[in-house]
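Going by the UniProt record's numbering, the first residue of the sequence shown is number 1, and it counts up by one from there. In what follows, a structure is listed as structure tokens, so that the remarks can point back to it.
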Amino acid sequence: MRADQWLSLLIIALMMGAFLWGRYRYDIVAVSSLLAAIIVGIVPAKNAFSGFSDDIVIIVGSALIVSAAISRSGIMDVALRRFSPERRGPRMQLIILVAIVAALSAFIKNIGALAIMIPVAVQMARKSRVSPSMFLMPMSFASLLGGLMTQIGTSPNIIVSRVREEITGQPFMMFDYTPVGLALSVAGVVFLALFYKLLPERSRVETSMDEAVAIKNYTTEAKVTTPSAAIGRSVSWLQKPAGGDAMVTAIIGGNGQRRTPLPDTVLKDGDLLIIEGEQSALDKIVSEAKLQLSDRKHQPETRQDISSVEAIVGEHSRLIGVSAKDVSLFHNTGLNLLAVSRRDRRFTERLGEIKIRNGDVVVLQGDLQKLPDLLREWGCLPLVERNMKLGNARNGLIPVIILMATMGATAFGGIPVATAFFAAAFLMVVTGSVPLREVYQHLDAPILIMLAALIPISDSLRTTGADLLSRTAEMLPPFGALALILIAAMAVTPFLNNAATVLVMAPIAATFAEKLGFRPDAFLMAVAIGAGCDFLTPIGHQCNTLVMGPGGYRFGDYARLGLPLSLIVVVVSVPILLLVWPI
């Protein structure tokens, strides 16, 4: 091999070692590798930053915003509760969970789909008296398999499509991935349902900051109004979405008469409900039944700046001894009191009539720009920032409509994926589906920097890697050569980020296929599958990392379930690839 090829191999080896070591974050490693490649002359200085203008970076960044909007809309929570899986046994719950995660991952970035479902799985595990570890790793693996079904399900598919466009002039389309991805998802769900017991039962050893400050007994009030789905329904129906984490403690009729909130009590238009529970459970009840949380409305021009915050009433607060009604809190400050929590106390009076005490925890809604000053003025100390749903507006079906239109435009309208998803992300912001203040929180900057830094390096490795693989595959039949690429990608992805694996392996696979006289399509698809199927470690994909803490898993647990699943992926995908994409 030439000196530049040896240098390319050395840089990639050092980069993989640094990724595996984990001492430095992957974007720092990628940027360091890019600088090293420039210094030794592998990457021309004039091409060093070409990755920042690549469509891949635009597509991945836009997809993160789109996924966040779908998750924030709450539409998935409503759809999932229709299945009522809590009434079934743990094995059936597992099957339902992994099937739903796989299906969602086809249309939402797989880590977003998994994040939506983790709280549901933990709640089911608690009710079924089993460890969350029974559900979480199978769900993570299902999200990886489901992401293989469409172009937008996972980053490797997007990147491979771009590489194919560079080689052939035609990218993969939205559903080109579906035949192989669907077969793998079905095979994977069956395997996980039958062999989940390969996993040892684990318990979580850490508590998250959210759990450390979790408050179980917030009290809020909500009104049943004409658009509400609760009219004519029972109290038990209303409480069902909360899964036992919230309950109605009082009902005040439109005429001021109180009724006992028995499970079969029928709700009427104009009823005022006093509800107690966790803030997320309260939000589920309010959003599912379309209750009116507060009749105090902010001005339309400030609606996008309205947010909710949890705060503790300090000992010198001017709220102590008075109620929100006494001080006309909304009219004087623009703050809505949405909920109150007091240790060992259940409230049945109206929210605005509760006399505030030192140490009470309150949920306040107001202009985000003014909240810090108002909290300081009223002697309230904000709790650690966490995901507050109660009182935050959602646009319901709008994000879903935008996503469906985007998928249709890319699949049938001939619009480039980068353009379609950039437009979708823009629409998500301007429609308020993602608040403007949160947009840059959802952009995973380290991932985007890593992608941009590795694109020039991947070009330098194309010939070197292809030469090595070609020599290995000279004596193999076509299915063996295809399996070699797939296994190589699966072997590399635990040590690299899956997107980095594609950036390195896809150009190699294309050149490899050309040297052997084969069409590149099946080999590029094999790279996407291999890069998207890291079942062996918690570090190769964010989904696996996400469930490690909540599931209490150890590093070696992944291989116990993941190694046989990896073998199934190879056995199932190679013949289907050859059938769908003849070489």
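We put the CB at the ideal spot given by N, CA and C, even for glycine. Predicted, not measured: the structure shown is a model, and the values here were computed from it.
First and last residue of the uninterrupted beta strand (DSSP E) at residue i
| i | result |
| --- | --- |
| residue 365 | 361 to 367 |
| residue 353 | Looking at the DSSP string, residue 353 is not in any beta strand (DSSP E), and its letter there is neither H nor E. |
| residue 131 | Counting along the chain, residue 131 falls outside any beta strand (DSSP E), and DSSP gives it neither H nor E. |
| residue 310 | 306 to 313 |
| residue 336 | 336 to 341 |
| residue 382 | 380 to 382 |
Which listed residue (the options) has its alpha carbon closest to that of residue i
| i | options | result |
| --- | --- | --- |
| residue 351 | 344, 338, 361 and 343 | 338 |
| residue 409 | 362, 311, 25 and 173 | 173 |
| residue 105 | 583, 265 and 543 | 543 |
| residue 281 | 455, 219, 309 and 254 | 219 |
| residue 272 | 279, 226, 310 and 167 | 226 |
| residue 201 | 578, 552 and 564 | 552 |
| residue 420 | 221, 286, 9 and 56 | 56 |
| residue 342 | 278, 377, 289 and 374 | 278 |
| residue 506 | 517, 488, 516 and 494 | 488 |
| residue 69 | 155, 424 and 475 | 424 |
| residue 538 | 521, 379, 556 and 400 | 556 |
| residue 326 | 345, 306, 354 and 346 | 354 |
| residue 238 | 255, 268 and 528 | 268 |
| residue 157 | 40, 110, 322 and 457 | 110 |
| residue 306 | 369, 560, 554 and 362 | 369 |
| residue 374 | 478, 336, 170 and 504 | 336 |
| residue 512 | 533, 485, 532 and 535 | 485 |
| residue 224 | 274, 437 and 575 | 274 |
| residue 12 | 545, 492, 580 and 536 | 492 |
Status (buried if at least 16 other CB within 10 Å, exposed otherwise) for residue i
| i | result |
| --- | --- |
| residue 571 | exposed |
| residue 562 | buried |
| residue 442 | buried |
| residue 541 | buried |
| residue 196 | buried |
| residue 524 | buried |
| residue 153 | buried |
| residue 16 | buried |
| residue 517 | exposed |
| residue 244 | exposed |
| residue 288 | buried |
| residue 360 | buried |
| residue 565 | buried |
| residue 573 | buried |
| residue 521 | buried |
| residue 300 | Model confidence at residue 300 stands at a pLDDT of 48, short of 50, so the residue's coordinates are unreliable and nothing is read from them. |
| residue 6 | exposed |
| residue 21 | exposed |
Beta-carbon proximity check, residue i vs residue j, cutoff 8 Å
| i | j | result |
| --- | --- | --- |
| residue 320 | residue 356 | yes |
| residue 246 | residue 258 | no |
| residue 500 | residue 428 | no |
| residue 266 | residue 234 | yes |
| residue 177 | residue 148 | yes |
| residue 187 | residue 568 | yes |
| residue 194 | residue 311 | no |
| residue 241 | residue 284 | yes |
| residue 270 | residue 253 | yes |
| residue 137 | residue 97 | no |
| residue 90 | residue 117 | no |
| residue 334 | residue 366 | yes |
| residue 434 | residue 72 | yes |
| residue 363 | residue 380 | no |
| residue 48 | residue 34 | yes |
| residue 189 | residue 99 | yes |
| residue 43 | residue 456 | yes |
| residue 309 | residue 59 | no |
| residue 509 | residue 531 | no |
Residue i, enclosing alpha helix (DSSP H) - first and last residue
| i | result |
| --- | --- |
| residue 328 | Neither: residue 328 is in no alpha helix (DSSP H) and is coded neither H nor E. |
| residue 590 | Since the first residue shown for the chain is 1 and the last is 583, residue 590 is missing from the structure and cannot be characterised. |
| residue 106 | Note, residue 106: premise wrong, no alpha helix (DSSP H); not H, not E. |
| residue 480 | 478 to 492 |
| residue 50 | First-last for residue 50: undefined, no H or E at that position. |
| residue 26 | 26 to 40 |
| residue 424 | 417 to 430 |
| residue 154 | From DSSP, residue 154 is part of no alpha helix (DSSP H); its letter is neither H nor E. |
| residue 372 | 371 to 377 |
| residue 178 | 178 to 195 |
| residue 441 | 439 to 442 |
Contact test: residue i Cβ vs the ligand FMN heavy atom, cutoff 7 Å
| i | result |
| --- | --- |
| residue 331 | As far as ligands go, the structure on display features none, and thus does not contain the ligand FMN. |
Restricting to runs no shorter than 3 residues, where is the beta strand (DSSP E) found entirely within the UniProt domain "RCK C-terminal" (206 to 291)? The beta strand (DSSP E) runs lying completely inside the UniProt domain "RCK C-terminal" (206 to 291) and spanning 3 residues or more are 218 to 223, 246 to 252 and 272 to 277, given in chain order.
Where are the alpha helix (DSSP H) runs, 4 residues long or more, that stay fully inside the segment 510 to 553, in chain order? Qualifying alpha helix (DSSP H) stretches, in chain order: 521 to 532 and 542 to 551.
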